[in-house]
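Peer 1:
2 protein chains.
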Amino acid sequence: MGMTKQRRLIFDIVKNSRRHMTADEVYSEAKKEINNIGLGTVYRNLDFLRREGLVRRVELPDGPDRYDGNVTPHEHARCISCGRLLDVRLKTDELLEKGQLEGFEIFGCEMHIVGLCKECAEKKRREKNG
Amino acid sequence: MGMTKQRRLIFDIVKNSRRHMTADEVYSEAKKEINNIGLGTVYRNLDFLRREGLVRRVELPDGPDRYDGNVTPHEHARCISCGRLLDVRLKTDELLEKGQLEGFEIFGCEMHIVGLCKECAEKKRREKNG
DNA sequence: AACAGGAATGATAATCATTATCAAAAATGA
DNA sequence: TCATTTTTGATAATGATTATCATTCCTGTT
Numbered sequence: 001m002g003m004t005k006q007r008r009l010i011f012d013i014v015k016n017s018r019r020h021m022t023a024d025e026v027y028s029e030a031k032k033e034i035n036n037i038g039l040g041t042v043y044r045n046l047d048f049l050r051r052e053g054l055v056r057r058v059e060l061p062d063g064p065d066r067y068d069g070n071v072t073p074h075e076h077a078r079c080i081s082c083g084r085l086l087d088v089r090l091k092t093d094e095l096l097e098k099g100q101l102e103g104f105e106i107f108g109c110e111m112h113i114v115g116l117c118k119e120c121a122e123k124k125r126r127e128k129n130g
Numbered sequence: 001m002g003m004t005k006q007r008r009l010i011f012d013i014v015k016n017s018r019r020h021m022t023a024d025e026v027y028s029e030a031k032k033e034i035n036n037i038g039l040g041t042v043y044r045n046l047d048f049l050r051r052e053g054l055v056r057r058v059e060l061p062d063g064p065d066r067y068d069g070n071v072t073p074h075e076h077a078r079c080i081s082c083g084r085l086l087d088v089r090l091k092t093d094e095l096l097e098k099g100q101l102e103g104f105e106i107f108g109c110e111m112h113i114v115g116l117c118k119e120c121a122e123k124k125r126r127e128k129n130g
């Protein structure tokens with residue numbers, strides 16, 4: 001596996017971030033280290049790292065994909081106000097009502113909870129109450 | 001609510017379809033009735049109908065959105081081979097492990113199961129076994 | 001029926017995230 | 001070292017969706 005300084009940098013950025021960054025945010029961050037890094041390089045390496053299982057790509061139904069350095073199984077809740085993703089663990093046992101997917105070969109499942117995070121919910125409440 | 005013949009047609013197409021159509025598929029279908037209908041009109045009306053709660057938009061993480069005439073609560077399982085969506089009902093009770101989303105105000109949740117539908121799984125099995 | 005005002009239309013351009021392309025540069029390995 | 005493969009940066013292309021805008025179509029009121 002060719003490990004260029006670009007690839008290492010991109011990996012470190014995603015791995016060390018506690019947020020769930022977009023490719024563009026990774027790009028901005030990477031430019032601080034390598035001034036002339038290309039956006040294509042960022043996309044290419046994020047995809048490479050995903051294929052290697054080193055990072056996880058979270059594909060949201062709207063808006064750009066996010067990259068997650070935490071590759072352990074978990075799902076996400078997205079705040080529609082600030083856009084932040086929160087990690088959640090699901091009880092996946094007994095999720096489906098029985099017999100619905102007879103013969104369907106499940107490879108994986110993605111769940112996105114949408115709503116307001118604690119901070120944004122409180123902020124909205126304060127605005128309302130004056 | 002202005003109900004033009006375009007809007008009525010688009011609604012009928014989605015409502016009468018047992019599939020989950022893309023905007024482009026609705027457009028192709030609509031052109032059979034109204035030859036010079038615009039793609040923008042299709043998008044505009046699908047969005048209008050969604051806002052009115054008459055159809056549901058299913059936003060997949062990859063590929064174009066699908067439109068569903070069934071607006072009762074259900075989730076989808078997508079076949080990665082033929083792209084078809086299957087309806088599934090979830091046991092949403094006790095989905096989350098307790099205490100994870102303290103303060104998070106849940107508006108909704110979208111789940112996409114991905115895998116192979118019965119037909120495609122069987123087809124693949126046949127190809128393998130000769 | 002005529003008319004005015006707002007809404008919807010079709011055509012087209014613009015947007016945004018992502019991929020593809022490709023020559024030049026860098027890494028790898030015999 | 002030198003040849004081969006991989007990766008890079010720059011740029012163009014893609015695909016789905018939205019925005020724009022002049023024209024046309026409704027709809028309700030006289």
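These protein sequences, in sequence, are chains A and B.
Residue numbering for the first sequence follows this note's numbering, starting at 1 and increasing by one per position.
Residue numbering for the second sequence follows this note's numbering, starting at 1 and increasing by one per position.
Built from N, CA and C at the ideal position, the CB exists for glycine as well.
For ILE106(B), which beta-bridge partners are listed by DSSP?
Peer 2: GLY115(A)
Peer 1: Is THR41(A) helix, strand or coil by DSSP?
Peer 2: helix
Peer 1: Going along chain A in order, which residues have a C-beta closer than 9 angstroms to the C-beta of ILE10(B)?
Peer 2: Neighbours of ILE10(B) on chain A: none; closest Cβ ~21 angstroms, over 9 angstroms.
Peer 1: Using the DSSP secondary-structure output, state which residues sit across from VAL58(B) in a beta bridge.
Peer 2: ARG66(B)
Peer 1: With 16 as the cutoff for other CB atoms within 10 Å, does PHE104(B) come out buried or exposed?
Peer 2: It counts as buried.
Peer 1: Under a Cβ-count criterion, where at least 16 other Cβ atoms within 10 Å of its own Cβ denotes burial, should PHE11(B) be classed as buried or exposed?
Peer 2: buried
Peer 1: Kindly list, in the order they appear in chain B, the residues whose Cβ is closer than 7 angstroms to that of PRO61(A).
Peer 2: GLU59, LEU60, PRO61, GLU110
Peer 1: If you measure from the beta carbon of LYS128(A) to each beta carbon in chain B, is any gap under 9 angstroms?
Peer 2: Judged by the 9 angstroms Cβ criterion, LYS128(A) is not in contact with chain B.
Peer 1: Cα separation between PHE107(B) and GLY130(B)?
Peer 2: Near 49 angstroms, if we compare the C-alpha coordinates of GLY130(B) and PHE107(B).
Peer 1: Look up ASP47(A) in the DSSP assignment and give the residues it is bridged to.
Peer 2: The partner list for ASP47(A) (beta bridge, DSSP) is empty, contrary to what the question assumes.
Peer 1: For PRO64(A) versus THR22(A), is the C-beta spacing smaller than 9 angstroms?
Peer 2: yes
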